[in-house]
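Numbering (the numbering used here), first residue to last: 1 to 185.
Every residue gets a Cβ at the ideal spot worked out from N, C-alpha and C, and that includes glycine.
Below is one structure, written out as structure tokens; the observations come after it.
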């Protein structure tokens, strides 16, 4: 115990002799003083690097690799197709329509890719119009049927001619409200 106190006082005395040095010296360790904060200890150490824990970026890199793969998988062939169509086929030119010829709905587009999309995937405006007219007719028939049904019910109630008038109700005087001595009585 005495030896520790002598070592501590010697370390403090050594620190007072050289006050410009800072860091983890024996004086700081033994005298339990707070190290100075005006200078930061920089360690350019040659020793073993510290193991830094950081979140994994495996899934981020995997997503970016797959995104790049699929973009290039579809992008390169599409760029080749679009370039070849523009170079070898080109856009349509206006021309006189022959007598009696009715152009198809996709022939009104200028670019060949747009024509192919309109011909392959879209319905013609005539077909769209017919589908809309069929839907309107079905809804009109439903509305007429509802109106007819309401009119029929109104007429049946007014003239007393309906299913609710055909079932005779019991006479209330025939119901026995007295206490029963047996369940079947």
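Going by DSSP, what residue range makes up the alpha helix (DSSP H) through residue 106?
Position 106 of the chain shown, counted from the start, is the residue given in the question as residue 106. Segment: none, residue 106 is in no alpha helix (DSSP H) and carries neither H nor E.
In three-state DSSP terms, what is residue 162?
Numbered from its first residue, the chain shown carries residue 162 at position 162. Under the three-state reduction of DSSP output, residue 162 falls in the coil class, being neither helix nor strand.
With distance defined between alpha-carbon atoms, name the residue in 176, 103 and 153 nearest to residue 163.
Along the chain shown, one-based indexing puts residue 163 at 163. When 176, 103 and 153 are compared, the shortest CA-CA separation from residue 163 is found for 153.
Determine, for residue 91, whether the minimum Cβ-Cβ distance to residues of chain D falls below 8 Å.
Among the chains of the structure shown, chain D does not appear; only one protein chain is present.
In this structure, how does DSSP classify residue 175 when only helix, strand and coil are distinguished?
Looking up residue 175 in the chain shown gives position 175. Coil.
From residue 129 to residue 168, what does the alpha carbon distance come to, in whole angstroms?
In the chain shown, counting from the first residue as 1, residue 129 sits at position 129. In the chain shown, counting from the first residue as 1, residue 168 sits at position 168. One C-alpha to the other measures close to 54 Å.
Can you grab the Cα-Cα spacing for the pair residue 101 / residue 107, in whole Å?
Reading the chain shown from its first residue, position 101 is the one you call residue 101. Reading the chain shown from its first residue, position 107 is the one you call residue 107. Here the C-alpha atom of residue 101 lies approximately 12 Å from the C-alpha atom of residue 107.
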